[in-house]
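Protein chains in written order, with this note's numbering: chain D, 2 to 245; chain R, 179 to 410. We treat Cβ as the ideally placed atom computed from N, Cα and C, and that holds for glycine.
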């Protein structure tokens, strides 16, 4: 029996079968792989926190295998805490539970009021020096960008950072993850006389000035996104550090 | 159009002259970017560095070969009125499956590729080859056609990226070629060529320069082979 392939019935049947098959495959795959993907994401989050504390060489030695051990060694997880937007400590979340705070999800969540957003702070110790690691999140050109900024014992000098992004343009905006861009942030101070400073990403190469950082050629909007992200996210911490 | 010619002989050897031509033609005289003018958008977007050209080329190779095979196997079943939708579903499903599996088992590779996922789905070379070749040809020639076109695409990406990375950033595949433009205490201009006053051409980093370079390549190619010039 020959089937009329131009008939509406055939076209419709084909479409339905195709959608059901492809939908089933994708749904099954997504559900079965989710636990592994979640675990990978968690390790990646710890890697990002650690990278913010490390020099380039140490970062190169960091991989998914040794992250857990290094994390336990460098981060004092029992001291981790969460602030609110005014810089006051949220006592209900502390220690290990801080790792479950997902600031990227909170930023996406339009129903969450600004006052309810969490600002986690991780405290670590490297070579005898205490370091404060602050996770940050913001918007790039095409999608979310995020990162971690670590401060030294003086509570204001940036000692290291790590940045990540979802889909910035490769070779342009995506370069924010590279060492050369991170190095431009190191040594900058987030507060002057207790007041939060406003960083400015510049184009004219004057990035060696205080509060100015050289942007990335061809990646202006992503660079400005990093600037906005750091400026906005640092405020609660500056308030908190005043009370220490 | 030679590529839509049906392969008739049932016992044709796997690497017959015709099949080999399917692979070699898109590398030169039927290049998907310079002659078929497909995939220009991604050629502009990701040719800033050679490494990205290589990654994108590999990803497109995988999706195009597999997609051509699947479309070719289904070519007699696909209703012609919704064929474009079917092709789109195949590309999107393939890319998503690959990305999900990579996210679970090879998260580092997935991170590298994440930005390219959207670019692969919208790459017109893939839809173009599905429509122009796989819909009308047997699976094996379709695989060869996919291989050839993806290699032709990757080759052009890398060629453009070599110019853009070398003159835009002074490096190739991330390795500095002309020295370092970062000032040191004893030479304020940097080292190597930069110490003599050489500067990177920042315009090369911006997407329009990719268009200019692709244009120059098309010009060179057509002036060397007059058969490629369209008559009006």
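* To do: Compare the beta carbon distance of residue 123/D and residue 191/D with 7 Å and say whether it is the shorter of the two.
  => No. Outside cutoff.
* Confirm, please, whether the CB-CB distance from residue 228/R to residue 221/R is below 7 Å. => Cβ distance not < 7 Å, so residue 221/R and residue 228/R don't count as in contact.
* Where residue 359/R and residue 286/R are concerned, what is the direct C-alpha to C-alpha distance, given to the nearest angstrom? -> Cα to Cα, residue 359/R sits roughly 30 Å from residue 286/R.
* **Alpha carbon of residue 182/R to alpha carbon of residue 330/R, nearest angstrom** => Because the pLDDT of residue 182/R is 49, which lies under 50, any placement of that residue in the model is unreliable, and the number read from its coordinates should be weighed accordingly. Going from the Cα of residue 182/R to the Cα of residue 330/R covers about 18 Å.
* **residue 159/D, enclosing alpha helix (DSSP H) - first and last residue** => Unbroken run through residue 159/D is the beta strand (DSSP E), 159-166; no alpha helix (DSSP H).
* Asked: To the nearest angstrom, how far is it from the Cα of residue 296/R to the Cα of residue 304/R?
  -> Rounded to whole angstroms, residue 296/R to residue 304/R spans 13 Å at the Cα level.
* Asked: Out of 198/R, 381/R, 379/R, 356/R, which has the shortest C-alpha to C-alpha gap to residue 369/R?
  -> For residue 369/R, the closest alpha carbon among the candidates 198/R, 381/R, 379/R, 356/R is that of 356/R.
* Asked: Is residue 78/D helix, strand or coil by DSSP?
  -> DSSP, read as helix, strand or coil, puts residue 78/D in helix.
* **Close beta carbons around residue 322/R, own chain, < 7 Å, minus the five adjacent residues each side** => So the list reads 197, 200, 201, once near-sequence residues are dropped.
* **For residue 198/D, the three-state DSSP class (helix, strand or coil)** => Residue 198/D: coil per DSSP, three-state reduction.
* Asked: Of all the CB atoms in chain R, is at least one closer than 7 Å to the CB of residue 55/D?
  -> Proximity of residue 55/D to chain R, defined by a Cβ-Cβ separation below 7 Å, is not satisfied.
* To do: Would you verify that the beta carbon of residue 17/D is, or is not, closer than 7 Å to some beta carbon of chain R?
  => The beta-carbon of residue 17/D is placed no less than 7 Å from the nearest beta-carbon of chain R.
* Cα-Cα separation between residue 104/D and residue 138/D, rounded to whole angstroms -> Approximately 7 Å between the Cα atoms of the pair.
* **Neighbour-count burial assignment, residue 398/R, 16 or more Cβ in a 10 Å radius** => Residue 398/R is exposed by the Cβ-count criterion.
* Using the beta-carbon count (16 or more within 10 Å), is residue 307/R buried or exposed? -> The residue is buried, with at least 16 neighbouring Cβ atoms inside 10 Å.
* Asked: Grouping DSSP H, G and I as helix and E and B as strand, with all else coil, what is residue 217/D?
  -> Coil, per DSSP.
* Asked: If you run the structure through DSSP and keep just helix, strand and coil, what is residue 126/D?
  -> DSSP places residue 126/D in strand when its eight states are reduced to three.
* Give every residue of the same chain whose Cβ lies closer than 7 Å to the Cβ of residue 116/D, excluding the five residues on either side of it in the sequence, and list them in chain order. => Within the same chain, 85, 86 come within 7 Å of residue 116/D by CB-CB distance, once the 5 residues on both sides are set aside.
* With residue 147/D as the anchor, note down where its beta strand (DSSP E) starts and where it stops. => Where residue 147/D is concerned, the enclosing beta strand (DSSP E) stretches over 145-152.
* Could you check the C-alpha separation between residue 16/D and residue 220/D for me, to the nearest Å? => Computed Cα separation, rounded: 42 Å.
* **Own chain, CB closer than 7 Å to residue 367/R, minus 5 neighbours either side, in chain order** => Cβ neighbours of residue 367/R beyond the five flanking positions: 361, 373, 375.
* Looking at the unbroken alpha helix (DSSP H) that takes in residue 292/R, where does it start and where does it end? -> Element bounds for residue 292/R: 285-299.
* Listed in chain order, which residues of the stretch 167-189 of chain D have Cβ atoms closer than 8 Å to some Cβ of chain R? -> Hits within the stretch, in order: 167, 168, 169, 170, 171, 172, 173, 175.
* To do: Taking only the alpha-carbon atoms, compute the straight-line gap between residue 271/R and residue 294/R and give it to the nearest angstrom.
  => Looking at the two C-alpha atoms, the distance is approximately 15 Å.
* Once you ignore the five residues that flank residue 215/D on each side, which residues in its own chain have a CB closer than 7 Å to its CB? -> The residues are 185, 203, 206, 208.
* To do: Determine the direct distance from the alpha carbon of residue 195/R to that of residue 404/R, and round the result to whole angstroms.
  => When rounded, the distance between both Cα atoms is 24 Å.
* Asked: Skipping 5 residues on each side, what residues in its chain have a beta carbon closer than 7 Å to that of residue 150/D?
  -> So the list reads 53, 135, 137, 159, 162, 231, once near-sequence residues are dropped.
* To do: Below 7 Å CB to CB, which residues in the same chain sit around residue 187/R once its five sequence neighbours on both sides are set aside?
  => For residue 187/R, the predicted model reports a pLDDT of 48, less than 50, meaning its position is unreliable and no value from the coordinates is stated.
* From 320/R, 333/R, 236/R, 385/R, pick the residue whose C-alpha is nearest to that of residue 290/R; which is it? -> Looking from the CA of residue 290/R, the closest CA among 320/R, 333/R, 236/R, 385/R belongs to 236/R.
* Does the Cβ of residue 26/D have 16 or more other Cβ atoms within 10 Å, making it buried, or fewer, making it exposed? -> Exposed is the call here.
* Is it true that the stretch 334-349 of chain R meets the stretch 257-269 of chain R, where meeting means three or more beta-carbon pairs spaced less than 8 Å apart? -> Too few Cβ pairs lie closer than 8 Å, so no.
* **chain D residues whose Cβ lies nearer than 9 Å to that of residue 384/R** => Taking the beta carbon of residue 384/R as reference, the chain D residues within 9 Å of it are 173, 218, 219, listed in sequence order.
* To do: For residue 180/R, collect the residues of the same chain with a Cβ closer than 7 Å to its Cβ; drop the 5 residues on either side in sequence, then sort them by chain order.
  => With a pLDDT of 47 at residue 180/R, under the threshold of 50, the modelled position of that residue is not reliable, and the figure given next carries that caveat. Excluding sequence positions up to five before and after residue 180/R, its CB lies less than 7 Å from no other CB in the same chain.
* Asked: How many angstroms separate the CA atom of residue 380/R from the CA atom of residue 172/D?
  -> Looking at the two C-alpha atoms, the distance is approximately 13 Å.
* To do: Identify which residue in 253/R, 378/R, 279/R has its Cα closest to the Cα of residue 313/R.
  => Ranking the options by Cα distance to residue 313/R, first place goes to 253/R.
* **Beta-carbon spacing of residue 327/R, residue 204/R below 7 Å** => At a Cβ-Cβ threshold of 7 Å, residue 327/R and residue 204/R count as neighbours.
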